[in-house]
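Undergrad: Going by the UniProt record's numbering, the sequence shown opens with residue 1, and the numbers climb by one from there. Each residue gets a CB set at the ideal place from its N, CA and C atoms; glycine is no exception. Note that the structure is a prediction, hence the values are computed from the model and not measured. Pasting in a structure now, in structure tokens, and then I'll have a few things to ask.
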Amino acid sequence: MPVLTESQELVNPPPPPGVPESPELPTEVWEHVIDLVDGESDERVRAASLTACCLVCHDWLPRAQHNLGSSWVSEETVIRSRFHLNRVLRTLAIAPKLGNRVRSLTIVGDVEDSVWSSAAVLSLGPRFKRLEVLTFRQLDFSARHPTFFKACAFFAPLKRLVLDRVDLLSLADITHLAYVTQSAAIRVQWGKTSHPLLHVLRPERPPFVLHQVEHLVIKGTPWSEMRIRCKEWRLQLPKMRNLKFFRLETQWPGDSESYVPTAVDMVAWRSLALLARTLTELASASTKLAIDTEIVNITVGTMQPSRLRYLDIGLTVNDFEDARLAVLPVILSSLSFCEPTDLHISVLAAEIEGIALPSSLLSSANLLQSWENIDDELMRPMYSTLRSGRISFRDMTGLGTHERLSEVLLPQWVKKQQITRMELK
Numbered sequence: 001m002p003v004l005t006e007s008q009e010l011v012n013p014p015p016p017p018g019v020p021e022s023p024e025l026p027t028e029v030w031e032h033v034i035d036l037v038d039g040e041s042d043e044r045v046r047a048a049s050l051t052a053c054c055l056v057c058h059d060w061l062p063r064a065q066h067n068l069g070s071s072w073v074s075e076e077t078v079i080r081s082r083f084h085l086n087r088v089l090r091t092l093a094i095a096p097k098l099g100n101r102v103r104s105l106t107i108v109g110d111v112e113d114s115v116w117s118s119a120a121v122l123s124l125g126p127r128f129k130r131l132e133v134l135t136f137r138q139l140d141f142s143a144r145h146p147t148f149f150k151a152c153a154f155f156a157p158l159k160r161l162v163l164d165r166v167d168l169l170s171l172a173d174i175t176h177l178a179y180v181t182q183s184a185a186i187r188v189q190w191g192k193t194s195h196p197l198l199h200v201l202r203p204e205r206p207p208f209v210l211h212q213v214e215h216l217v218i219k220g221t222p223w224s225e226m227r228i229r230c231k232e233w234r235l236q237l238p239k240m241r242n243l244k245f246f247r248l249e250t251q252w253p254g255d256s257e258s259y260v261p262t263a264v265d266m267v268a269w270r271s272l273a274l275l276a277r278t279l280t281e282l283a284s285a286s287t288k289l290a291i292d293t294e295i296v297n298i299t300v301g302t303m304q305p306s307r308l309r310y311l312d313i314g315l316t317v318n319d320f321e322d323a324r325l326a327v328l329p330v331i332l333s334s335l336s337f338c339e340p341t342d343l344h345i346s347v348l349a350a351e352i353e354g355i356a357l358p359s360s361l362l363s364s365a366n367l368l369q370s371w372e373n374i375d376d377e378l379m380r381p382m383y384s385t386l387r388s389g390r391i392s393f394r395d396m397t398g399l400g401t402h403e404r405l406s407e408v409l410l411p412q413w414v415k416k417q418q419i420t421r422m423e424l425k
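Here it is as structure tokens:
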């Protein structure tokens, strides 16, 4: 045994007789210490502390490393980059059973590197056997791997598939994803808030098929793409034999304060009208279409059991001479192809306290011009099938004194149909 100098003995004094050179804590004590560190709520502090535990000694390494890896593979796993993906794969290589704990997987796109997202699906699909929710967020699928859809089948069956602000996925792609993942529900988000696209009951016998879709709600479709999207939906809708409700939410085209219909608007409204007509001709007699914009809400459906079509139009205006009244003739012109038998137009005041309307307003040239165009549209042959018509003015005060309001605003239609009712609420 080497002889120690006096200085060395002072710095590293020898242990007392009978005491081991490296004091050992009972196993249950240091395991409790590591688990206590693992319970830290701050993820950064937790990761740094567990990393320090890995460096304490050889005995601490396996448990500390396992707990550190579980931070990458948790019940709700989120992967934001290629680096995160590699960490998850490395953890699963060490502890494959951790894959069984994952119930929700979220893959967030990387603007600078979007190729890895397909790699994530290809590599993680076979490892997550109990996944229930799969979310793709801000991904550009233009660079997806050719076997991307096939790889998604490893995640089946899912309770929910979420597509959050993804690019270059058509309705056909989305329904194909629903097919391969056997999703009970799909949620699509194109804006700041999430809205359901497809709600389906889980099929008695997989796989998912398109005809089981009952609700279709789409939000955020650009007005300039309305013609293309409507054509796509019209091709898919006949396959949805159980479809009961279709809602389309889109932004108001142009300046809502001074609306002037353009050629693009006319094409968009006509496309929506053709979509509505397709919906009303579906085998499901209860199917209805709802179109919601910033100030206009439109509903087209079929009444039972008569199979007669109805058209409801709700318009919110700032005052009775609002320029947005100009959209009514455009809508009536476009949706005349639906040939409704019941028409209801509701004009709603934007202010809750209502709009005071002076008696002189009914002689206003602007007001009469707006309603003259509406009156002309209602004289179209396709509106000759109307059996009932109703126009409601809600939250507008001062109209009750005008007993012949319908004759002033819609003289041609009232004279011909004798069915119009004006409601002042």
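1. Would you decide whether Thr51 is buried or exposed? Buried here means 16 or more other CB atoms lie within 10 Å of its CB.
2. From the DSSP output, in three-state form, read off Ser392 for me.
3. Consult DSSP for Lys159 and reduce its assignment to one of helix, strand or coil.
4. Give a yes or no on whether the C-beta atoms belonging to Arg130 and Asp164 are separated by under 9 angstroms.
5. Per DSSP, what are the beta-bridge partners of Ser346 in this structure?
6. Smallest Cα separation from Leu161: which of Ile186, Lys150 and Thr175?
7. If you run the structure through DSSP and keep just helix, strand and coil, what is Asp173?
8. Would you identify the three-state DSSP class for Ile79, choosing helix, strand or coil?
9. Go through its chain and collect everything with a Cβ distance to Asn100's Cβ below 7 angstroms, but skip five positions before and after it.
10. Use the C-beta contact count for Gln412: other C-beta atoms within 10 angstroms, 16 or more gives buried, fewer gives exposed.
11. Buried or exposed for Ser384, going by 16 or more other Cβ atoms inside 10 Å?
12. Could you tell me which of Leu335, Arg277, Asp292 and Val180 sits nearest to Gln251, measuring between CA atoms?
13. Determine whether the beta carbon atoms of Glu372 and Ser336 lie at a separation below 9 angstroms.
14. Here's the rule: buried if 16 or more other CB atoms are within 10 angstroms of the residue's CB, otherwise exposed. What is Ser359?
15. Could you check the C-alpha separation between Val317 and Arg324 for me, to the nearest Å?
16. Assuming residue 438 contacts Glu249 (C-beta within less than 8 angstroms), just tell me the rounded distance between them.
17. Under 6 angstroms Cβ to Cβ from Thr77, same chain only, skipping five residues before and after it: list those, please.
18. Rank Cys338, Val300 and Pro222 by C-alpha distance to the C-alpha of Gly265 and give the top, closest one.
19. Are there 16 or more other CB atoms within 10 angstroms of the CB of Ile94, so buried, or fewer, so exposed?
20. Mapping DSSP to helix, strand and coil, what is Lys288?
21. With Gln65 and Cys54 assumed to form a contact (beta carbons below 8 angstroms), what rounded beta-carbon distance in angstroms separates them?
22. Quick check: what's the CA-CA separation for Val327 versus Thr262?
23. Smallest Cα separation from Val188: which of Tyr179, Arg127, Val166 and Gln182?
24. Between which two residues does the alpha helix (DSSP H) carrying Leu104 extend?
25. Does Thr147 come out as helix, strand or coil in the three-state DSSP assignment?
26. Here's a check: name, in chain order, each residue in its chain whose Cβ is nearer than 6 angstroms to the Cβ of Ala283, leaving out the five neighbours to either side.
27. Taking only three categories from DSSP, how would you classify Asn67?
28. Tell me the DSSP bridge mates of Leu378?
29. Would Leu124 pass as a contact of Thr147 if the rule is Cβ separation under 9 angstroms?
30. Buried or exposed, going by whether 16 or more other CB atoms sit within 10 Å of the CB of Leu410?
TA: Walking through what the data contain:
1. The residue you call residue 51 lines up with position 51 of the sequence shown. Thr51 should be labelled exposed.
2. To locate residue 392, count along the sequence shown from 1; it is residue 392. Under the three-state reduction of DSSP, Ser392 is assigned to strand.
3. Against the sequence shown, residue 159 aligns to sequence position 159. Coil.
4. Counted from its first residue, the sequence shown places residue 130 at position 130. Counted from its first residue, the sequence shown places residue 164 at position 164. No, these two residues do not count as a Cβ contact at 9 angstroms.
5. Locating residue 346 in the sequence shown gives position 346, counting from the first residue. Per DSSP, Gly314 and Ser392.
6. Walking along the sequence shown from the start, residue 161 turns up at place 161. It is Ile186 whose Cα lies nearest to the Cα of Leu161.
7. If you number the sequence shown from 1, residue 173 lands on position 173. Helix, per DSSP.
8. In the sequence shown, counting from the first residue as 1, residue 79 sits at position 79. Here DSSP, grouped into helix, strand and coil, assigns Ile79 to strand.
9. Here residue 100 refers to the residue found at position 100 when the sequence shown is read from its first residue. Hits under 7 angstroms: Lys129 and Arg130.
10. As a working mapping, residue 412 is identified with position 412 in the sequence shown. The residue is exposed, with fewer than 16 neighbouring Cβ atoms inside 10 Å.
11. As a position in the sequence shown, residue 384 is number 384, starting the count at 1. Exposed: under 16 other Cβ atoms inside 10 Å.
12. Working through the sequence shown from its first residue, we reach residue 251 at position 251. Per the Cα distances, Asp292.
13. Counting from one through the sequence shown, the residue named residue 372 turns up at place 372. Counting from one through the sequence shown, the residue named residue 336 turns up at place 336. Result no, Cβ atoms of Glu372 and Ser336 do not sit closer than 9 angstroms.
14. To locate residue 359, count along the sequence shown from 1; it is residue 359. Any reading at Ser359 must be qualified, since the residue scores a pLDDT of 45, below 50, and its modelled position is unreliable; no value is offered.
15. Locating residue 317 in the sequence shown gives position 317, counting from the first residue. Locating residue 324 in the sequence shown gives position 324, counting from the first residue. Cα to Cα, Val317 sits roughly 7 angstroms from Arg324.
16. With the chain represented from 1 up to 425, any question about residue 438 goes unanswered, as that position is not in the structure.
17. Numbered from its first residue, the sequence shown carries residue 77 at position 77. Once the five neighbours on either side are set aside, the close Cβ partners of Thr77 are Val102 and Leu105.
18. Within the sequence shown, numbered from 1, the residue matching residue 265 stands at position 265. Looking at the sequence provided, one finds Asp at residue 265 rather than Gly. Distance from the Cα of Asp265 is smallest, within the candidate group Cys338, Val300 and Pro222, for Pro222.
19. Looking up residue 94 in the sequence shown gives position 94. By the 10 Å Cβ count, Ile94 comes out exposed.
20. Position 288 of the sequence shown, counting from 1, holds the residue named residue 288. Lys288: strand per DSSP, three-state reduction.
21. Here residue 65 is taken as the residue at index 65 of the sequence shown, counted from 1. Here residue 54 is taken as the residue at index 54 of the sequence shown, counted from 1. Rounded, the Cβ-Cβ distance is 6 angstroms, consistent with contact.
22. For the purposes of this step, residue 327 is taken as the residue at position 327 of the sequence shown. For the purposes of this step, residue 262 is taken as the residue at position 262 of the sequence shown. Straight-line Cα distance between these residues: approximately 11 angstroms.
23. Taking the first residue of the sequence shown as position 1, residue 188 is located at position 188. For the residues Tyr179, Arg127, Val166 and Gln182, the minimum Cα distance to Val188 belongs to Val166.
24. On the sequence shown, position 104 is the one that residue 104 refers to. Leu is not the amino acid found at residue 104; the sequence shown has Ser there. Where Ser104 is concerned, there is no enclosing alpha helix (DSSP H), although the beta strand (DSSP E) it sits in stretches over Ser104 to Val108.
25. Residue mapping note: residue 147 aligns to position 147 of the sequence shown, counting from 1. Thr147: coil per DSSP, three-state reduction.
26. To locate residue 283, count along the sequence shown from 1; it is residue 283. Interpretation of Ala283 is limited by its pLDDT of 49, a score under 50 that renders its predicted location unreliable; the figure taken from the coordinates is listed afterwards. Counting only Cβ-Cβ distances below 6 angstroms, and skipping sequence neighbours, we find Arg241.
27. Looking up residue 67 in the sequence shown gives position 67. It is helical.
28. The residue you call residue 378 lines up with position 378 of the sequence shown. Its beta-bridge partners do not exist; DSSP assigns none.
29. In the sequence shown, residue 124 corresponds to position 124, counting from 1. In the sequence shown, residue 147 corresponds to position 147, counting from 1. Taking 9 angstroms as the Cβ cut-off, Leu124 and Thr147 do not qualify as a contacting pair.
30. Here the question's residue 410 lines up with position 410 in the sequence shown. It counts as buried.
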